[in-house]
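Numbering (my numbering), first residue to last: 9 to 94.
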């Protein structure tokens, strides 16, 4: 669904609390904003409603420090390891 929905697109899912909790965790993992709502008191069954919006990803305004290690083979440089300094 992440590939089909455009940035700032919204999805509404109504299902059991267990399914909504699982889908909410997945949505948060792909950086969507989520809100879980309880069902209306007069409706039957035990359901929750998830409203999830796909955000537009943008690069951070400050560069992330990066440390790289290079190796040389046949007079060519190759990236051996890379890690972020935090």
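Cβ atoms here follow ideal geometry from the backbone N, Cα and C, with glycine treated the same way.
Membership of residue 58 in the beta strand (DSSP E) is indicated by the continuous run 56-62. In this structure, DSSP gives residue 27 a helical state, which the three-state scheme calls helix. Boundaries of the beta strand (DSSP E) around residue 46: 40-46. Per DSSP, residue 34 has no beta-bridge partner at all. Straight across, the Cα-Cα distance linking residue 18 with residue 62 is about 6 Å.
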